[in-house]
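The structure under discussion appears below in the form of structure tokens.
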Amino acid sequence: MPERHPDHDLIQGEWTEKTLVEKLLEPVEKPPPRPWKVVLAVGFVLTLAWLYAIFVTFTKGLGTWGINQPVIWGFDIVHFVWWIGIGHAGTLISAILVLMRQNWRDSLNRITEAMTLFAVLCAATYPLIHMGRAQHFYWVLPYPTHLALWPQYKSPLSWDVLAIFTYLTISTLFLYLGLIPDLAILRERSQGWRKKLYGWLSLGWTGSALHWRRYRAAYVLLAGLATPVVISVHSVVSMDFAYGLVPGWHLTLFPPFFAAGAIYSGFAMALTLIIPLRKWYRLEGVITERHLDWMAKVTLASGLGVAYTYLLEIFIAWYSAEPAEWAQQLWRMTGPYAPYYWAMMLINVVLLQTLWFPRFRRNVAWLFVFSILANVGMWLERFVIVVISLSHDFLPGNFHLYYPTWVDWTLFLGTLGFFLFGLAVLIRLFPPIAVAEMLHLYHKLRKH
Numbered sequence: 001m002p003e004r005h006p007d008h009d010l011i012q013g014e015w016t017e018k019t020l021v022e023k024l025l026e027p028v029e030k031p032p033p034r035p036w037k038v039v040l041a042v043g044f045v046l047t048l049a050w051l052y053a054i055f056v057t058f059t060k061g062l063g064t065w066g067i068n069q070p071v072i073w074g075f076d077i078v079h080f081v082w083w084i085g086i087g088h089a090g091t092l093i094s095a096i097l098v099l100m101r102q103n104w105r106d107s108l109n110r111i112t113e114a115m116t117l118f119a120v121l122c123a124a125t126y127p128l129i130h131m132g133r134a135q136h137f138y139w140v141l142p143y144p145t146h147l148a149l150w151p152q153y154k155s156p157l158s159w160d161v162l163a164i165f166t167y168l169t170i171s172t173l174f175l176y177l178g179l180i181p182d183l184a185i186l187r188e189r190s191q192g193w194r195k196k197l198y199g200w201l202s203l204g205w206t207g208s209a210l211h212w213r214r215y216r217a218a219y220v221l222l223a224g225l226a227t228p229v230v231i232s233v234h235s236v237v238s239m240d241f242a243y244g245l246v247p248g249w250h251l252t253l254f255p256p257f258f259a260a261g262a263i264y265s266g267f268a269m270a271l272t273l274i275i276p277l278r279k280w281y282r283l284e285g286v287i288t289e290r291h292l293d294w295m296a297k298v299t300l301a302s303g304l305g306v307a308y309t310y311l312l313e314i315f316i317a318w319y320s321a322e323p324a325e326w327a328q329q330l331w332r333m334t335g336p337y338a339p340y341y342w343a344m345m346l347i348n349v350v351l352l353q354t355l356w357f358p359r360f361r362r363n364v365a366w367l368f369v370f371s372i373l374a375n376v377g378m379w380l381e382r383f384v385i386v387v388i389s390l391s392h393d394f395l396p397g398n399f400h401l402y403y404p405t406w407v408d409w410t411l412f413l414g415t416l417g418f419f420l421f422g423l424a425v426l427i428r429l430f431p432p433i434a435v436a437e438m439l440h441l442y443h444k445l446r447k448h
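Under the numbering used here, read the sequence shown as residues 1 to 448, first letter to last.
Given below as structure tokens:
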């Protein structure tokens, strides 16, 4: 009797190669379900509202936002950091889990890589419109000019530009490289404009041993290059704050704190997307409870790092004996923004502990609810760091509350709409689960 493979339950049910391929290609080849149409329509409307809010910002200026003195970074930077963090799950699943040879990533990598791509695009728009003169965005790039003006490389704001471009490049390459074998499958099964599109994008892929060897080598090479990006990008973003002297920012623990928070929020958003997708397209046989359990465990591990840092922040503010730091901590806990702070602690510290228990991790409804709450909790964390810290600095004469305007809210909701609209279009054109990877896993499991 053959030995049972440790990953035997990653594909559940009775499948043949043909039925597995047909199931995985259903989102592309079959008429879409009604929830997909609703998501597409809502995303499209919100995207139009987003474009209008950007138009208002460009024509009337940043005075349409709620920023003031001293809260010169408002929702714009809150949402920039939030979206960058969400993108981390895709790179983690694509890069680190490839190097660790974890088979459970095969069902998840495509949708999380797509999530990463659109999250980074959403994040990149915020610094662009925050400049005020978006037409001069190229000034932050190191290009030769007759004025000999170069970016200030001692500033983390310059590092942000390089980090975002690097992240966007790696994410796009990872998504496209993984798509090539699937595009070749679709090329052979399609007609008309789809056949031409998939034929052009598949780059002449034939599935030969030579092609697979080069594909595997390139994929592992990209994984090796992308692994440092997972940690470094959000570390660079954290230095936007850690290099400042504002109370609540000037902490050396910010890079690991932001990296842990990025993985936590990224996996939470991945659960938010994967659970409905699994239900709408009846993919329970290939996205099993074990996949969700592993994702919940990673969410728990990274969330514990975030919770530990919250407690460490309080200790550092008290132990440092720095009056402004301790005043900032008390302002967060007892000031006018206290409900936001304690809601963040409730979600990211208290409710997180439910994931220790298997009956919660394997409860799909609770996982979905918790994933949404975790995204809210991480949004509140960014609000606490950016807005609450700036509203209470060293001088009492500078203290000022922040009130976002309709433009601020529309810009945020618009990026959510663009994110959902882009993902809905992508899973209609390309398989949301990597077909070639799943076939490889299927044949591996059949041997046992």
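Ideal Cβ placement from N, Cα and C applies to all residues, glycine included.
Would DSSP call residue i helix, strand or coil?
| i | result |
| --- | --- |
| Ala209 | helix |
| Asn68 | coil |
| Thr112 | helix |
| Met1 | The predicted position of Met1 is uncertain, since its pLDDT is 45 and thus under 50; a value taken from the coordinates is nonetheless stated next. Reduced to three states, the DSSP call for Met1 is coil. |
| Ile314 | helix |
| His130 | helix |
| Phe399 | coil |
| Lys450 | No information on residue 450 is available, as it lies outside the stretch 1 to 448 that the chain covers here. |
| Val286 | coil |
| Pro31 | coil |
| Phe165 | helix |
| Glu17 | helix |
| Leu238 | Leu is not the amino acid found at residue 238; the sequence shown has Ser there. Three-state DSSP puts Ser238 in a helix. |
| Asp9 | helix |
| Tyr340 | helix |
| Tyr309 | Looking at the sequence itself, residue 309 is Thr, so the reference to Tyr does not match. Looking at Thr309 - three-state DSSP - the assignment turns out to be helix. |
| Val229 | helix |
| Glu322 | coil |
| Arg332 | helix |
| Asp393 | coil |
| Val246 | coil |
| His146 | coil |
| Leu271 | helix |
| Tyr198 | helix |
| Phe430 | coil |
| Asn103 | helix |
| Thr91 | helix |
| Asp353 | The question names Asp, but residue 353 is Gln in the sequence shown. The answer is helix: DSSP assigns Gln353 an H, G or I state. |
Out of the options, which has the shortest C-alpha to C-alpha gap to residue i?
| i | options | result |
| --- | --- | --- |
| Pro32 | Arg282, Phe315, Thr206 | Arg282 |
| Thr410 | Pro323, Lys37, Gly266, Trp65 | Trp65 |
| Ser235 | Ala260, Trp212, Leu311, Leu147 | Ala260 |
| Tyr219 | Val246, Ala148, Leu99 | Leu99 |
| Ala217 | Tyr143, Leu183, Gly178, Arg194 | Gly178 |
| Pro256 | Trp280, Gly244, Leu245, Tyr310 | Tyr310 |
| Ser302 | Ala374, Glu188, Ala317 | Ala374 |
| Val459 | Pro336, Pro358, Arg362, Phe370 | The first residue shown for the chain is 1 and the last is 448, placing residue 459 beyond what the model contains. |
| Pro70 | Glu322, Pro404, Ser391 | Ser391 |
| Phe357 | Ala296, Val425, Tyr319 | Ala296 |
| Ala268 | Trp366, Leu173, Phe315, Val230 | Trp366 |
| Glu313 | Gly266, Lys279, His250, Thr272 | His250 |
| Leu97 | Ile347, Val298, Met344 | Val298 |
| Glu113 | Glu322, Ala95, Ala123 | Ala95 |
| Ile457 | Arg105, Val56, Asp76 | There is simply no residue 457 to check, as the chain begins at 1 and stops at 448 in what is shown. |
| Pro247 | Val387, Leu445, Ile77 | Val387 |
| Ala270 | Phe254, Arg446, Leu423, Ile77 | Leu423 |
| Val407 | Ala41, Thr59, Pro35 | Thr59 |
| Ile185 | Leu355, Phe174, Leu20, Arg278 | Leu20 |
| Ala451 | Ile170, Ala148, Ile77 | Any property of residue 451 remains undetermined from this structure, which presents the chain solely from 1 to 448. |
| Val161 | Tyr126, Leu173, Leu149, Leu183 | Tyr126 |
| Gly305 | Gln353, Leu225, Ser320, Asp293 | Gln353 |
| Tyr403 | Leu210, Ala41, Ile72 | Ile72 |
Rounded to the nearest angstrom, how far is the Cβ of residue i from that of residue j, given a contact under 8 Å?
| i | j | result |
| --- | --- | --- |
| Ala163 | Ser232 | 7 Å |
| Met115 | Ala89 | 7 Å |
| Ala338 | Gln329 | That belief does not hold up - the Cβ atoms of Ala338 and Gln329 are roughly 11 Å apart, past 8 Å. |
| Val478 | Ile11 | There is simply no residue 478 to check, as the chain begins at 1 and stops at 448 in what is shown. |
| Gly61 | Ile67 | No, Gly61 and Ile67 are not in contact; Cβ-Cβ is about 11 Å, not under 8 Å. |
| Val229 | Thr166 | 6 Å |
| Ile514 | Asn109 | Absent from the model: residue 514. The displayed extent of the chain is 1 to 448, so no value can be given. |
| Leu175 | Tyr198 | 15 Å between Cβ atoms; not a contact. |
So, does the stretch 248–263 touch the stretch 6–23, judging by three or more C-beta pairs under 8 Å? no
Stretch-stretch touch, CB-based, cutoff 8 Å, three pairs: the stretch 197–214 with the stretch 134–144: no
Counting pairs of beta carbons, one from the stretch 418–436 and one from the stretch 167–183, are three or more of them closer than 8 Å? yes
Taking contact to mean at least 3 C-beta pairs separated by less than 8 Å, is the stretch 66–86 in contact with the stretch 118–133? yes
Please determine if the stretch 154–163 and the stretch 237–247 are in contact, where contact requires at least 3 C-beta pairs separated by less than 8 Å. yes
Specify whether the stretch 45–64 and the stretch 414–428 touch according to this definition: at least 3 beta carbon pairs, one from each stretch, less than 8 Å apart. yes
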